[in-house]
Structure formats: C-alpha cells, structure tokens
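First up is the structure itself, then whatever we jot down about it.
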Amino acid sequence: MTSLNIYPEFKHTDPATQTRKDFVTDQDVRWCPGCGDYSILAQVQRVMPTLGIPRENYVFVSGIGCSSRFPYYMETYGIHSIHGRAPAVATGIKAMRPDLSVWVITGDGDALSIGGNHFMHVLRRNVDLKLLLFNNQIYGLTKGQYSPTSPVGTKAKSTPMGSIDYPIDPVSLALGANATFVARSLDVHAGHLQRVLKRAADHKGTAFVEIYQNCNIFNDGAFDALTDKETKSDTVIEIEHGKPMRFGKNLEKGIALGEGMRPKIVDVASYGEDKLLVHDEQSEVCGLLVSRLQAPHFPTPIGVFHAVSRPSYDQLLVEQLDRAKTQKRTRVQDLLNDGQWTVK
Amino acid sequence: MTSLNIYPEFKHTDPATQTRKDFVTDQDVRWCPGCGDYSILAQVQRVMPTLGIPRENYVFVSGIGCSSRFPYYMETYGIHSIHGRAPAVATGIKAMRPDLSVWVITGDGDALSIGGNHFMHVLRRNVDLKLLLFNNQIYGLTKGQYSPTSPVGTKAKSTPMGSIDYPIDPVSLALGANATFVARSLDVHAGHLQRVLKRAADHKGTAFVEIYQNCNIFNDGAFDALTDKETKSDTVIEIEHGKPMRFGKNLEKGIALGEGMRPKIVDVASYGEDKLLVHDEQSEVCGLLVSRLQAPHFPTPIGVFHAVSRPSYDQLLVEQLDRAKTQKRTRVQDLLNDGQWTVK
Amino acid sequence: MHKAVETVSTVAIRFAGDSGDGMQVTGSQFTDTTGLAGNDLATFPDFPAEIRAPAGSLAGVSGFQIKFSSEAVFTPGDAPDVLVAMNPAALKVNLKDLKPGGLLILNSEAFNAKNFERAGYTKSPLEDGSLKGFKLFQADITGMTLKAVEELKLNNRAAVRCKNFFALGLVYWLYNREMHYTVTWIAEKFKDPTTREANLRALKAGYHFGETAELFDRNYEIKPAKIEPGNYRNIAGNEALSLGFLAAAELSGLSLFLGSYPITPASDILHELARYKNLGVRTFQAEDEIAAICSAIGAAYSGALALTTTSGPGLALKGEGMGLALMLELPLVIVDVQRAGPSTGMPTKTEQADLMQAMYGRNGEAPLPVIAAKSPGDCFYTAIEACRMAITHMIPVILLSDGFVANSAEPWRVPDMSKLPPIKVRFHTEQKDFAPYARDEHLARPWALPGTPGLEHRIGGIEKQHLTGNISYDAANHEFMCKLRAERVQKIADSLPPTEINGDASGELLVIGWGDSYGAIRAGVENVRAGGAKVGHVHLRWINPFPNDLGDIMKRYKRVLVPELNLGQLVKLIRARYLVDARSFPKIQGQPFKEQEIIAAIKQQLESN
Amino acid sequence: MHKAVETVSTVAIRFAGDSGDGMQVTGSQFTDTTGLAGNDLATFPDFPAEIRAPAGSLAGVSGFQIKFSSEAVFTPGDAPDVLVAMNPAALKVNLKDLKPGGLLILNSEAFNAKNFERAGYTKSPLEDGSLKGFKLFQADITGMTLKAVEELKLNNRAAVRCKNFFALGLVYWLYNREMHYTVTWIAEKFKDPTTREANLRALKAGYHFGETAELFDRNYEIKPAKIEPGNYRNIAGNEALSLGFLAAAELSGLSLFLGSYPITPASDILHELARYKNLGVRTFQAEDEIAAICSAIGAAYSGALALTTTSGPGLALKGEGMGLALMLELPLVIVDVQRAGPSTGMPTKTEQADLMQAMYGRNGEAPLPVIAAKSPGDCFYTAIEACRMAITHMIPVILLSDGFVANSAEPWRVPDMSKLPPIKVRFHTEQKDFAPYARDEHLARPWALPGTPGLEHRIGGIEKQHLTGNISYDAANHEFMCKLRAERVQKIADSLPPTEINGDASGELLVIGWGDSYGAIRAGVENVRAGGAKVGHVHLRWINPFPNDLGDIMKRYKRVLVPELNLGQLVKLIRARYLVDARSFPKIQGQPFKEQEIIAAIKQQLESN
Ligand SMILES: Cc1ncc(C[n+]2csc(CCOP(=O)(O)OP(=O)(O)O)c2C)c(N)n1
Ligand SMILES: Cc1ncc(C[n+]2csc(CCOP(=O)(O)OP(=O)(O)O)c2C)c(N)n1
Ligand code: SF4
Ligand code: SF4
Ligand SMILES: [Mg+2]
Ligand SMILES: [Mg+2]
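In order, the protein sequence lines correspond to chains A, B, C and D.
Just so you know, we're using the numbering used here here: the first sequence kicks off at 1 and counts up by one.
Just so you know, we're using the numbering used here here: the second sequence kicks off at 1001 and counts up by one.
Just so you know, we're using the numbering used here here: the third sequence kicks off at 2001 and counts up by one.
Just so you know, we're using the numbering used here here: the fourth sequence kicks off at 3001 and counts up by one.
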C-alpha cells in the first residue's frame, strides 16, 4: 500500500477446502434456547464456504445487542464494537482494505435507533459490505423495550400503555437512502435466507438484508403469521425479478396497481396475469412500491426488492488513489521543502 | 398540567394585529450579502403573522450552521442548540407543550450529516412541528466542505479530487422514513415558498420542507439552472395535487410511467394529457416516484410531494395522559405506601 | 418430631442458581417477607451478563444475597452463613464466599455428571472432600417440586420452574418466616391459574419439607430489630430514584419529563416512570442518548421538571448535550447509574468509575454539580435534592448511582410527603426589564417559558453576554462568564447543612466515601471503633461542590483514607483541592466493598507508622 | 526625495480590517516575505466568528499580528508597534492594544459617517483627540487602489478588493521588504489574468506610494536574525501537524487514514491531508464525529496509521469511541484542536480548556496518553511522537493543539527526513501460540491484521480475559486489566528523555506550562531572569503520563506556577499527583497569553513572600 510495503503478504487458505465447521468458534453460543439468531448463524456458516473467499479474509463487525454477539461465533476476524456504530467501523476497514469481505451484523435497535445515521450513510455511500439486520422488533439484550420497528401499540417495558411511535420500515428507509441492494428474508426460512445471503455476497456495494428474527423471550411470535404453515401463503409474497407478483395457496392472488399508483390485491384469474405488477429489481420505484406492501392489508414481501450496480465507495477511492499516483512529489521531504529558504 | 397548576396563564397577544415587523429582532443579520438565507427569512417573517398564532407561542429551534443562526433573527422564542440535534430538542418542547408552534431550522449538513438520525426519527414519529431544511449542498459555516447533498464529483475543501459519496435526496429519505408531509421549494421563489410554508404550517404532524438555498460564497450557482429565467421552465416542474405533471415553456412536456414503472418524459400533444402521471399527494408511492425525478434526466419537482394525516406524536401522548387520568392513586404518597408495614 | 428453635441475631443467605432458576424472585420474596418480619436487612442481587449463558454454565450463575438481623444492618454481608446452590455451577462460583462452617443447601437432583461437566468440575465436589468444613444438606428440590405439582399436569419444563418456590419455602421454614406475603404475591402475579397453583404448592411443599424431614434438627429465629416506630417498606435504588423524582414533581408542582435511551442498569427508571402517566409523567424513549438529553433540554425550556437517565457509555454520549444545558442554564437532572467500564465493560456489574467523567466529560470549562446516592433508600432523597438544586439554581445536576445501589434493597421508612418542604418554582412573567441572563441571589437566571407574552428571547450554546444573553465574543465577558458559571456551582455549597460525621469527630483517621460504599464503610468504621480506634466517616453527598466545611473536618484527623470502587478518583479531587495526603483504597472488580476489606484497609492505615 | 533608513531590532505589526478585506492574506504574505528576509518571527491571526458579520461592524473585524526581529522571537507581541486599520471598526477594536507612540495607518476613504455609525462611533475618532499620542498616517488606500487598477476596467467591487495588496505594498516599503515573493504568489494564485494584474498593480502602487509620497520621512530596516544555518520555511500549526502525520506514515511505512468531521479550527488538517492521495492517504469525511473515530478504529484494525481530528465539541462526541479504541488496544491518534468553550463557545477563539476532557471524558477507568504541541513548528514533531507511541504501545493517543497554535505561524527549520528515526512496526503473523492480548515489553498486544491466515480472532468493548482476549466477567481479571491499562499509559514515561528546563535549573520559581503558552512563558521567564530572578520553565509535552523526573524537578524550586488558558486544569493534576502547592495562573478570554501577563504573574509569585 505504500512504497515501503511493510504489509505482509500471505499464502491464503484455499477456499475450496473450507467447510461449515471451519466457521464455528470454540465459544459457547449464549443466545436463549429457541432464539431465531441460531438459525441465522447456521445459514451464514453454511453460505460462507460457498463464496470462494479464504476464511481469513472475512471480517464480521457488529454493534451491541443480542444479535451483535454474532462475531464471537464466527471463526473469522471480528469486532464487537459499540452500540450502533458498526457501519462506521466497517467503512474504515473497507476503505483501507478492499480485499476483505466485510459483514456487518446488527439489530433493529442497533441499526435503526442509535445507529440510524450510520446505517443510512453507509447505504448511500455504497461501501462494499454486507449488512445483515436481525429485526426482532424489540430490544432483546436490554430485556424488552420496544424498538423503532415495533408496531404502534406495542406494550413493552417502557410503554405500558402501548407505544405511540410509528415504526420505521427498514426496507423503505434503505431505498429512500439510495441503497443499491435491498432484500428481506426470515430466520427460519433456511433455504430462502441462504439464497438471499448469496445474492448479497455477490453484490458489489452495500448489500442490505433485513432478516425477521424471533425473540422468543421478549417478543415471541412476532412473525408467527409469516412462518405459520397455515397462514404463510397468504401473508408472505416471494418477489422475484421479472415475475408477476402472485401469492396465496395456489398463487391465486396477485398485486396490481390501482389509482394514484396505490397497490391493490386482485384475483389473478379474473384480473388477468398480464395486468399484474411484474417485479423489477432494477427499478427503484418498483422496489419502493413493493416495500409499501405491508401487513395487515398486504402480504409481506420477501426476496430482493432492489439490486442495481453503482460504483462502490471503496472502488472509487482506490481509483482516486491510483489516479493520484501520477502526481509528482511522493516524498514527504518534497512537501517539507515547500517555500523554504536557506540561511547560511 | 399538574394538579397544583403552578404554570402561569396568559392573556395572549392578538394574532390579528401582528405584522411582519413584529417578527424582526434587533440583532444584526450576519449572513453574507447575497446569501439565500435572507430571502427565506423574509418569507418566513411574512408568513408568520398570517397563521393566527400569537407571537409568543412560536418557538424556533435550530442546530449549528449558517442557516441555524435563523432563530436569532426571529422575534419569537428560540433555541440555537447544537449541531444536528434540533429535532430532538424540538421533540422535548412539543411533548411538553402541544400548545406551541414549533419550527426547526436546519441545514443539509446539520439535518442529514450529523443529525440524520434525529431527522429520520422525528419524521417517523410525526411530532407536530415544521422542519425547514436549507439545502445549499455545502457546509457554509465551516467554510466549504461538501455535504451529504453535494453531487458526486464536488470539488470542495475536503475533496480536491471530487467527492465520491453518492448524495442523499432529502425528499426521498423523508418519504422512506414515513413522513406525513414532504415538500420542496426555492429560496428566491418567494411566492411559491410562502405557499408551501403555509401548507406546512397547516399540517398537523411533522411538516418537512426542503428549501434549495444559494450559498454565494462556497457554492454559488448550485441552483442557477432552477432559478434562471431562461432555463427554469425546462428544469423545474411544479407539482400539484390532482394535476397531470407538465412542464416546459408552454407546458408542452409531461411525465408518464414507462416500463418497470420508470418515469419518462413525453411530448404532451402526441402522448395525450390523459395518459400523463397525475400527482397524488396522498399516495405514498406517487410521492416516492416523483421524488425520483432528478436532474439531469428530469426536471426537478417543487411543491408538495406527499401530505397525509396521521395522529401526531404529541397528540397520541396527550391522549394517553388523558386516558391515564382515570387511574387511581394520583398522589405520590400512595405509591410510597406500597407494600408498607408498620413498626410500633 | 418437634424441632428446636435457636435464636440468632444476624444471618446472611445467598441464593444461587442458573439465570433461568428464578433466584432474583426468590431473593426479593425473602427480602419482602423479612422486612415485614421487622428485621433490618440489606441485599445484593448479582446477575450474569445480559445475555443468557448456556444452561448450567459458570457464566450463567445468578445470585442474590440478603443479610438480616435484629441489629442494624449496613451491608448485605461479606461471607454468607447459608448458601443455597441450585446446581454445580452455582456451587462452584459461590462456595469460596461461604463462611467456614456455614450451611450449604444443594439441589441434589442437579448434581449430576452433565452439570458437573458444564460447571467445569472434573470430579464431583460431593466426593472430592471440598465441601468438608460446611454443614451440607442435600435435598432433591427438583424431584420434590415435581411431586408437589404432579396433579396439575403441567409440562415438565413448567413444573421444574416452580422449584425456586420450593427452595424459598424451605428457607422460610428454616428462618421461621411467614409465608403469607409470598402467597399473596403469587396469587397476584401469576395470571394463569395452574401456574399460580403450582407455585403455591411448591412453596408450601418446601416449607413442610423443612418442618417434617429429618434433614434439619432445628430452625432459627431472628427477632425483629429495634427500629424506630413508623411505616416501613423494602425499596431498591432504581425504584427509590423513580419515586424521588415523582415526589419532586409533586413538591414543585412541575410536570415530569424523562428523555431516556435504555441501558443496563438504568433502564428500570424508565420502565418505572413510564407507569405514571396518570401523574402527568411523560417518558420519551429516544432514538439514542443524545436525543434523550436534548429532548430533556427542550422539555426543561418548556417548563418541565426534566430528566435524562443512563449509564456510563450513555453519559459519554451526552457530553455535548450537557455542555449545551449548562450554557442554556436550564434545570435538568442527568442520572448515571454507573456500571463497570471502560467501554462496554461489564454491564451488569457495579463500579464507581464515572466520577471523573461526570466532573469533566465536556469541552471547555464546564463545571456541573454532582450528587451521589449512598444507598437504595437514600436514592429517594438524593433525587429530590438534585431536583431542588436544579430548579433553585437553574442548573443541570448530575446524579450518580450505580448498579449495586440500583438493584439492592433495604427496609426503608416511608416518608410523609406532607412533611417534605415544597420546591419553590418561579416562572418569570414580568416584561419590564426582562433580561434572559439576569441573576437572582443564587446567580440563577429567570425561567421564562415560551408562550409568555413579551418575553420572547433566544438562547444558545455560543458564549453569551452577561445579562442580555446575546452572542458575545468579548474577551473580558468570556472570562467573567466562565468564572460566573464556576461560581454558580459553588453557590450550592452555601445551602448545604454541616457535614455529618459518623464515628469520631476527630482522631487518627477520617474515612471519606461516596456512593454505594456507605454501608461497608459505616460498618467497617463501627467495627474498628469498637476496637478502640478513633476513626471518623464522612460520606459525601455532593462531590461538586464539596461541602464548605470539608477542609476543616479533614484537619481534625491525622490521616484521610478514601475507599472507592475505581482506581482513585474522588481522592484526586480531594488532594488537588485541599493538598491533603489523602490515601486511596481502590477496588475495581465489579463488586461492592466488603466490610472486611474496609476494616483491613483502615487497620493498615492505623498501623502504618 | 531620498528618505532615511532606520535600523530597528524588533517590530510588531497588526493588520486589521473587515472580514472581507483580506487581512489574513495580507498577514501571511508579509509573514512569508519576512521569513525569507531572515528575521525570526511569530504571528497571530485572530478571526471573527465563522459567519460574516455585517460590513463595517465591530463583530466583523479580522486581525493579523506579526512580530519580527533580528533577535529571537517567542510570541507575536503583546502590543503592536504599528496598526494598519482599514476601517473605523478595525480602529475601534484594536486601538487599545497599540503601543503608545505607535504608528497608526488608516485607510482614510473608509473613515466616513456611515462607517463611524457601523462601528458605533458617535464622533469621528479623527477629531475627538483619541488618536493623539500615536503617529497617525492617513492614506486614501481605497482611492489609490482604484486609480492603480483603473485601466483594467474591473467592476468597482472587484477593484476595491485589491486594496489589501496596496496596504501590503505600503508596509513592504516601510519595512524594506522585497516584493518578489508576493509577486510570484499572486501570479500563481489568481487564475483570471485581469484580477492577477490588478492585484499586482495595487501591490506595486502601495510600495511606490510609500517611496514617493511625503507621508513617511523614513523607512525601517530589520536585520536578519542570527539563526543557525539551514533551510527554513514558515509554517502554521495545522500545516505542521499534517506534515507530521505524513512524515510518520513515511517513517513507519504505514498508510495514513484520517476519519474526520469538519469543525473549526481543526478542519484544515482534513483539507490538507485530503491533498495527498498520491502518498496513499485516505481521508474520509464522515457523517459525524462518532463515525469519524469509528472509521479510524476500523482502519487501525486493518493496518492503517489511523487518525481522527476534531475540536472540543467533537471530542465530547468521541468519548464512547475512545473507550472502545482503548479496549481494542489499537494505535490511533485523536487530535483535538481546542477552541473556546463550553458548548459551542467561541469557535474561532483559542483556549486550553479541553485538558480535563482529554484526561477523563470517558466512562470507567479509561486512561489514555495525552500529548500537547507547544508551537506551530512543534506540531510536526508532536504528530510524529504521538504516532510513534501509538504504534509502539498499541494505544490510542490524544494530541492537543489549539486555535492559536493551529493558525499562527513561525519560521521553522525544515527537517531532514532521512535523519528522523524510523518507526518500527511489527505485524504479527506467527500462528503458534498466538494470543490477541499477549504482551510485549511495552505491554503492547500483537497487531494481527485481518487477512492473516490462522490468526482469526474477535475483539470488542466488553472486559476481556488477560492474554486470550475472550469475554470475562471475572472480578480479579477485571481489576488486573484495569491496572494493566493504567500501566500501559505509564510505560510511555519510561522512554521519554529527561525533561528540558529553560532558565534556571533550581531557584525561586518553576513555571510549568503546556501547549500554546510556550512562547509567552519562555519570553516572560527570560525577561524576569534578566532582572536577576532565579526562575525555571518546564513545558510539558506529555501530560499523561507525566515525565518520571517531574516530581524531583519541582522540589528544586520554592514555588510552582502554572499558567493556563483555562480556569486551572493541569495545575489540578499536578497538585493531586505530587501534593505540591502549585499555583494556577488562569486566563480564559479566547486569547493567548501576553508576555507581560506572564511577567506580572511571575513577579507576583516572587514578591508574595
Ligand atoms: C451507548 C449505549 N446505549 C445503550 C446501550 C444498551 N443497549 C445495548 S443493546 C441495546 C438494544 C438492543 O436491541 P437490538 O439492536 O434490536 O438488538 P437485539 O438485542 O434485539 O438483537 C441497547 C439499548 C449500550 N450498550 N450502549
Ligand atoms: C459537534 C460539532 N461538529 C462539527 C461542528 C462544525 N460545524 C458547524 S456547522 C457545520 C456544517 C454546516 O453545514 P450546514 O448544516 O449545511 O449549514 P450551512 O452552514 O450550510 O447553512 C459543521 C460541520 C459543530 N459546530 N459541532
Ligand atoms: S433475548 Fe431474545 S433476541 Fe436475545 S438471545 Fe434471547 S431470544 Fe434471542
Ligand atoms: S457562507 Fe454561504 S450559506 Fe453561509 S452566510 Fe455566507 S452565503 Fe450564506
Ligand atoms: Mg432487536
Ligand atoms: Mg449547508
């Protein structure tokens, strides 16, 4: 990186030989039995060895919260930083070391309450890192206060009469902040989650994945309607690029646009499949529109809302560094000498 | 507010007798000659007396920045707080005193850089206050660094090779954060600005107004294309609820929706006015879509993007306070006595 | 079998088990019941880190200690007389503290190979001789609990959960306590009738087991303490703080506003105050600590009795806001319930290491008053005093509590609100000669609420001209204002009563403490005085400003010792101010002082030359 | 007419005008030229608040003072010998400082009724006798400038703007300076040929006016100072800091990373370093101060020489991040260019009041090394030393500068990079027995970069077990680690050279200073020593830790005096640590110390028995 190049060079681990086990640490996992975090950890550990990246090149950075204990359980490099600030720490890492695969793990409180500003800025800067937000709609670690994603009326420790703050929808917010990759999945939906994680890993730029996660101690069942076998085909819609938006047990229902571009649910048979909304990941407006499909009026979309390519912050930075190399005066002595005179 | 009611009650000033002059302080205005802030100050001072609110019931709260000196020039109550935190200060005021008309004045750095988190949270909570963001796409007070709204490539003091951070669009961000009122106007567009300010004042909830403002010292001409008589009919589109979206010298151009809901510019005559996009303030998606009309491909929209009614934070708070009154044990002594036993 | 009853004066019991074993509930039930029985007492709940550790692991052990007596009690006790260990991990973590010859009650069912392994025992402690020297009682608490609730057909997990009430019942019998209070509590607490009944049955089964089984040949009686007649209750620190703020609101007629962001161990104040909307209390769970203090500033400006509550890392974030509040000269109380640091540190452990941060954690010359609570019950009065000074002097006050004071409990004489002096509030309404930075006798500026006709004015964080409050860059004005702000803090000392001295009013050693070390120092000093040493104890309530008489008091002793749960902070302030060779006795282990530690430190001072 | 040339040894000139009048440019041109002429010099730019005040108002006055001499210069001078006042406001603000009998040069055109009113003069100062006692020279600087550039057909506003170069030319003539340097500078600086030409003409017109007009009967010569041979340049503090960091990067072979959020008066470091992408420097303008330090932490973790720069209010926001950096034990330099506080305070004015914040503005026991720069040129070496210690000890270092040091300039011997000792960096790569919190001889842990095969490990802000770095809530471990972290800071003292004493090595009074008061104390001490007093001067570079020999040095003097631009901060640390009755000499006016103030304070100490 500098002319002296004091930075060591390595013979890297062969990623092809890596297995899930290589990503498991010797630390006891300290989440409550039944916590949704376990499943997410398992899926991440499954996806890691498939990405062709040597283990030592992964860095997991987190803030504070139950979810933020995640790095301790990943046999990679990791920083368990302070509450809300992981995106900033990760930005510093990536700015220095574009060669690393940097993953930010955060919770709904960590990312959207105290850390809301860094969240939004890392997205708009499009720093090349993966940002996994474990949304359990509660503060788990501090034992059950409502969070910025808790629905209005949530009775939690700090809101005995019910919360009165209208929640943030992380996907809409991310799109509003010009994120280049925005997706959503569910802790227990192992296959879907793995697919989304892979797509995120492949994205060059900030890949934001909201993962609904059950906190079975302080907010048990928050996503039951979305995971329950009975209800889920009506409450969840899997979106896919280029496909018309359909859901229901037999995909008999669809989403179409009504007046003022308000989305509406239609019966596919009578309305006609060709008039349904076709999901377009690359259209910002489509992503925004789909993000506004919210319970109880609409099924909850999961999948990739938006994915476009825009040069990442670190990439642009490296380009500037490269361009600057053509400048003369690369020794500090030259700068020191500026405007000097000699006393004899 | 409490049973003792030690709070003084007043015979309020008659708002009908107020004039613009009543809102002018004795402090020298310290902006650079030619700064866009002057015009905004003038429009605000013009609008205030028309709102039917006694002068003493106004509070102006600001952060730090050139724009944030604003309260000193308003003969109302005011706090010039710290960088980025005005929305939080204002939330405290409004939570205690729903009777006051609270106005937050902020800059693009103040609101979106250091204050981004409070900005987003005040919007989603829908605290009943007016938030005017003077966007000059630069840090004025600290003498010319690029801001979160500066376009990519901005050469400012801290970015001699051009900035590489993709900018935030405040309107999109506000919509992404579930704001209930979002509008945009221009410093020099006196009439338009006054109209927008009035609409904001009438809105119950957080009314967010982005005001493009020229900093003639550090970012002169940033909005020239939008204010220049020659170009402005092509570069600006005034949006109005229920009206088809047209612009151009003779309103010959229009906005329509293309594939993947991507907006496109059409020739009204050949395309047909009835197929144009009709602006719908109350549709969130329409607001979002219009916010994505951005230079250089599209004219810049000004006007009200989105306006819906949702109970404000302070209103819900007062409702809970009222509901709670029916509870017994309103004396602290009762609480102290809880679980007591007597030693004789 | 009729068993013997032995009368003892003081007992300390520690309940220990897995996080999920309900030891905190057991402890606080025992506490309340013991309070009702008229004993003096003190408690110390000691939880694991916030996240649940694996079942049966050392990291997951949760403990609750209570000392109760027919005499005055100052601390929860150094070494417990009785240890109830619900599993091997609890035994391993706590055994070292048990008094030689102490009673050791084990839940035998949990002492199996799997749990030994989880606790890192390579050999069973029951067999390796390590429990020799204690009175060991093994009882199959789990098994008997399951039996007791059998008929209710709970699932196994739910049934096992009742075992803490069995243990409680057993200890109730052992110390001759009434079950009445807990019976009522269970009835109110558990909404589900089956669960309610199960817990009741477990409780009673435990009691009867003690009574009938041949395990114990006697039980113990602890006579009520001789305490002043009056109404008493048990109270924990965070609860007392909350009640104190409610009281201050009532005494001042102001509406309470709390802007807060949750953080261990301060969150309970937010939870508690959130329950009193009926008293006009507004609690605002902010997006972060900065918004929390800023919202409180806005509320104070608008006429609220405004608070913000946090712990160390949160206080670090509030520094800039505190500077603003200081410049705006608004009344505000900033509560820091300290925990072990630095950085995230050990969130559930106690410490007194934020004192310097409270004194100096802001840019520029930014002095603020600092007050500290010394015990759970004292939190109530400390809250009121902080509010009184904040309002009277128009100044933000920092109130320091800590994890130990916050969570431990003691019996507490219930105050009579009608006897507490009201807090005078004067809102300024007079237009004539109004100046936002004019001064009264306390050097306080007028509190002029928005909405008041004719008093429109602007305030901010830039240096302000004396009286007018206008922006000023004048050199002499700045120096004047900086000194004035320092004097404003100093002014508080003028209204403080003479400093109370426990023990000898002059002599060989003065022990100066602050905050949660009160009980241990008090007890330690009494102990060495009983041995004939001339030792005094001053416990500082206000640390900024120091009481006016502190310098003189120190002169009356040969030496000064300052025990603190940090590496020596107050001691630095004392040395710098008074140039007295005060010695530090630091402890920084996430645990409160033990009486014996204080005694040893005092003796060392007395002996050294 | 042939005019006389008078030789003088020392002159202090103050240029003063409206913010828009270009006084800072005038001043720095005069500085560079004077440096080239071989004089020793010191400067003091004094700007108004950041926002432009109304034209002609007192608040809008911008000043630049330079003292230059054929002797050694330590300060920019207390009272200028010459005042150039471009308008009545400039006169009003600055006249009080002008030496009796001093030269007063006024731009007569601006002395009109409108400007008198703006400056708050009810009567013309030209007529009320207030200027009597000074050598008054009135020149229509504006008018003559307009004339000089007439042919270029600039608009009036642009033409008037050239008047500062006219004034500069005049003063160049008056002090016999070459115009060469400024001529080149103008040619490079102004891209527009007309503007370039206009400024050149104005400069020359001013010079020729001095030469030919009958206003002055003589001009002055200041012989070059006797300075050690070598290469010299002028340097301002922020510039020197930036160069120091670049040098440290080169000396260590590390890549520089700066995470910063703009704030007066620190922003220039960001601006300066942003220019060196060609040296591999990455500057990141973060969204706030918290992100700034956190990004620097991430960069340090990744192997950068990481910095964050700010001023007081920003440092307040970084407290929590500093605590994290401390726990992670990463090398990091945190720069605080102090300004007058508290809160927003007076952003463009200088102060030394963040010392306590730097020492203690974090939760828990969180000691960090603190180093301070004493002069513009010293900033360079201070930056290198801060980096060296940060890297060698794997520790975040706080570097204190201030508005005065940052913006003032002095001639500076250009260092030879090849003579500066390299900074040794050891990245850990060995897998065998790797432990993230193992210790070397400095108690530093290994720097193991992500990307290194086999060294995967996790670090964080929770208390960590000695050596392994695993999370630990163990009581004894916590105490051990807290003490270890304190010792880590203390370790730095062991590698410091013996403390340098200016003046007498023992005697009546030791003056201890830190930071920007160096020049004033140095000059003041020399002055009283010349009068026979035995006075020494120690200027602390490291404030945490104190140098090991400081205690002994103090013992060699009867008294200790500590002048500071605050209400007494270092003095508190000294008193607490050494129990020495060090006396504070505080000044808190947003202005640096004057030599005379120091002299008076020293004399007072010497006289008071
Ligand atoms: C500065 C600071 N403020 C507050 C806290 C306390 N705190 C820790 S985690 C947390 C919120 C956790 O919620 P979330 O991010 O949703 O994570 P979860 O535990 O639900 O996974 C809070 C408030 C802290 N550690 N630091
Ligand atoms: C905590 C803190 N950090 C940084 C600053 C310095 N600062 C003051 S205003 C400002 C940005 C101003 O930009 P903007 O909000 O766009 O306002 P403008 O001056 O352009 O109106 C900055 C960085 C500060 N005052 N406080
Ligand atoms: S508290 Fe909730 S989120 Fe935290 S570990 Fe337990 S179940 Fe998971
Ligand atoms: S610097 Fe720019 S924004 Fe600030 S007052 Fe001057 S013109 Fe206006
Ligand atoms: Mg959560
Ligand atoms: Mg701006």
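Ideal Cβ positions, reconstructed from N, Cα and C, are used throughout, including at glycine.
Within a Cβ cutoff of 8 Å, which residues of the same chain sit near Y3207/D, ignoring the five residues on either side of it in sequence? Within the fourth sequence, the letter at position 207 stands for residue 3207/D. So the list reads G3169, L3170, Y3172, W3173 and M3179, once near-sequence residues are dropped.
Give me the subset of the segment 1264–1282 of chain B whose CB atoms are less than 8 Å from a CB atom of chain A, sorted by chain position. V1278, D1280 and Q1282
Taking the alpha-carbon of D169/A as reference, which of D187/A, H203/A, R292/A and C32/A has the nearest alpha-carbon? Within the first sequence, numbered from 1, the residue matching residue 169/A stands at position 169. It is R292/A.
Proximity test, Cβ basis, 8 Å: S2009/C and chain B: In the third sequence, counting from the first residue as 1, residue 2009/C sits at position 9. It does not; no Cβ of chain B falls within 8 Å.
On the criterion of 16 or more Cβ atoms from any shown chain inside 10 Å, does T1076/B qualify as buried, or is it exposed? Numbered from its first residue, the second sequence carries residue 1076/B at position 76. Buried.
Is any non-hydrogen atom of ligand 3 found closer than 7 Å to the C-beta of F2434/C, if you look at the structure I gave you? Taking the first residue of the third sequence as 1, we reach residue 2434/C at position 434. Distance from the C-beta of F2434/C to the nearest heavy atom of ligand 3 is not below 7 Å.
Nearest CA to the CA of A3358/D: which residue from S3375/D, T3310/D, M3394/D and A3004/D? As a working note, residue 3358/D is residue 358 in the fourth sequence. The candidate whose alpha carbon is nearest that of A3358/D is T3310/D.
Does the segment 2362–2369 of chain C come within contact of the segment 2407–2424 of chain C, defined as at least 3 CB pairs closer than 8 Å? no
Quick one: is G242/A buried, meaning 16 or more other Cβ sit within 10 Å of its Cβ, or exposed? Within the first sequence, the letter at position 242 stands for residue 242/A. By the neighbour-count rule (16 or more Cβ atoms within 10 Å), G242/A is not buried but exposed.
With respect to 7 Å, is the separation between the Cβ of H80/A and the closest non-hydrogen atom of ligand 1 below this value? For this step, residue 80/A is matched to residue 80 along the first sequence. Not one heavy atom of ligand 1 sits closer than 7 Å to the Cβ of H80/A.
In angstroms, rounded to a whole number, what distance separates the CA positions of T2/A and N3278/D? The count along the first sequence starts at 1 and reaches residue 2/A at position 2. The count along the fourth sequence starts at 1 and reaches residue 3278/D at position 278. Bear in mind that the predicted position of T2/A carries a pLDDT of just 41, short of 50, making it unreliable; the figure below should be weighed with that in mind. Roughly 10 Å separates the two Cα atoms.
Inside the segment 3102–3183 of chain D only - alpha helix (DSSP H) runs reaching at least 4 residues: 3113–3118, 3141–3149, 3156–3160 and 3163–3174
Any beta-carbon of chain C closer than 8 Å to the one on V1308/B? As a first step, residue 1308/B must be located in the second sequence, where it is residue number 308. It does not; no Cβ of chain C falls within 8 Å.
DSSP puts I3462/D in a beta bridge; with which residues? For this step, residue 3462/D is matched to residue 462 along the fourth sequence. I3462/D pairs with G2345/C.
Reference G78/A, options A95/A, F60/A and K94/A, closest by Cα: As a first step, residue 78/A must be located in the first sequence, where it is residue number 78. Nearest of A95/A, F60/A and K94/A to G78/A, Cα basis: F60/A.
Counting only runs that start and end within the segment 1093–1181 of chain B, where is the alpha helix (DSSP H) found for 4 or more residues in a row? 1116–1125 and 1170–1176
Residues near N3115/D in its chain [Cβ-Cβ closer than 6 Å; skip 5 each side]: Along the fourth sequence, one-based indexing puts residue 3115/D at 115. Correct list, in chain order: G3056, N3087 and P3088.
8 Å Cβ cutoff, T2452/C in contact with chain A: Translated into positions along the third sequence, residue 2452/C becomes position 452. No, because no Cβ of chain A sits closer than 8 Å to the Cβ of T2452/C.
Any C-beta of chain C under 8 Å from that of S3343/D: One-based indexing of the fourth sequence puts residue 3343/D at position 343. Interface residue, yes.
Counting Cβ pairs, one atom from each stretch, are 3 or more of them under 8 Å apart for the segment 3219–3226 of chain D and the segment 3182–3194 of chain D? No, because fewer than three Cβ pairs between the segment 3219–3226 of chain D and the segment 3182–3194 of chain D fall closer than 8 Å, the two stretches do not touch.
What is the DSSP secondary structure of S1062/B, counted as helix, strand or coil? One-based indexing of the second sequence puts residue 1062/B at position 62. It is a strand residue.
Name the one or two DSSP bridge partners that P2610/C has. Any question about residue 2610/C goes unanswered here, given that chain C covers just 2001 to 2609.
Going along chain B in order, which residues have a C-beta closer than 7 Å to the C-beta of N135/A? On the first sequence, residue 135/A is found 135 positions in, with the first residue counted as 1. Chain B residues near N135/A: none, gap ~15 Å exceeds 7 Å.
Boundaries of the alpha helix (DSSP H) in which K2491/C is found, first to last residue: For the purposes of this step, residue 2491/C is identified with residue 491 of the third sequence, where counting begins at 1. First-last of the alpha helix (DSSP H) with K2491/C: A2475 to D2494.
For a test of the three-state rule: what should DSSP assign to T2033/C, helix, strand or coil? As a first step, residue 2033/C must be located in the third sequence, where it is residue number 33. T2033/C falls in the helix class under three-state DSSP.
Name the one or two DSSP bridge partners that N3502/D has. The residue you call residue 3502/D lines up with position 502 of the fourth sequence. DSSP lists H3537/D as partners of N3502/D.
For a quick check, are the C-beta atoms of P3045/D and F3064/D less than 8 Å apart? Counting from one through the fourth sequence, the residue named residue 3045/D turns up at place 45. Counting from one through the fourth sequence, the residue named residue 3064/D turns up at place 64. Yes; because the gap between Cβ atoms is below 8 Å, this pair is in contact.
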